[in-house]
Structures are given as C-alpha cells and as structure tokens.
Amino acid sequence: MPQYYEEKEEDARACAGIREDFKACLLQHDCVVKEGKKPSECLKEGHCRALQVSFFECKRSMLDTRSRFRGKKGY
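Quick note on the numbering used here: the sequence shown kicks off at 48 and runs consecutively.
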C-alpha cells in the first residue's frame with residue numbers, strides 16, 4: 048500500500064513517492080528484518096520487484112523527451 052500523499056512536500060525530487068515506498072518496502076521486508084541481510088542482497092533475490100520496476104520507469108521517463116513535455120506519469 049503506498050504511503051505517499053500528494054500534500055506531502057518534504058522531498059520535491061522527481062519520483063519521490065515511489066522512492067519513499069520502495070525504501071520502506073525494502074527496510075520492512077522479512078529479508079532485511081529477520082534474516083539481517085543488506086537491502087541490496089534482498090533486491091538480488093527479487094523482493095519488492097514491482098516497486099523497483101516502477102521506480103526505474105519513473106526515472107527513465109525523466110529522460111524521455113516526449114514525457115518531459117507531457118509530464119510525469121501518474122503514480
């Protein structure tokens with residue numbers, strides 16, 4: 048469940064909402080909490096994959112000339 052809200056303006060960077068949710072997913076996952084692994088190790092195992100892909104797509108859309116003029120895709 049997304050934790051990000053549009054009214055929240057602490058981080059004005061692009062893709063801040065997805066970044067926050069992705070970070071929270073990794074840090075609260077059993078792989079990190081119970082097993083004590085690093086978040087990068089858990090990513091290699093495929094945890095929080097949907098948020099990782101969404102974050103990548105959001106960052107990639109910042110480089111896409113067409114989406115720069117049309118605006119960011121909704122999250």
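All residues carry an ideal CB built from backbone N, CA and C; glycine is no exception.
Same chain only: Cβ atoms within 8 angstroms of residue i, ignoring 5 sequence neighbours per side
i	result
VAL79	LEU73, LYS85, PRO86 and CYS89
As assigned by DSSP and simplified to three states, the class of residue i
i	result
GLU82	coil
ASP68	helix
ARG113	helix
ALA63	helix
Neighbourhood of residue i by C-beta, 6 angstroms cutoff - its chain only, sequence neighbours within 5 removed
i	result
PHE91	Here the sequence assigns Lys to residue 91, which means Phe is not the residue at that position. Result list for LYS91: empty, nothing under 6 angstroms.
MET109	ALA61
PHE69	LEU98 and PHE102
GLY83	none
Pair within 8 angstroms by beta-carbon distance, residue i and residue j
i	j	result
CYS95	CYS62	no
Where the alpha helix (DSSP H) through residue i begins and ends
i	result
CYS105	96-110
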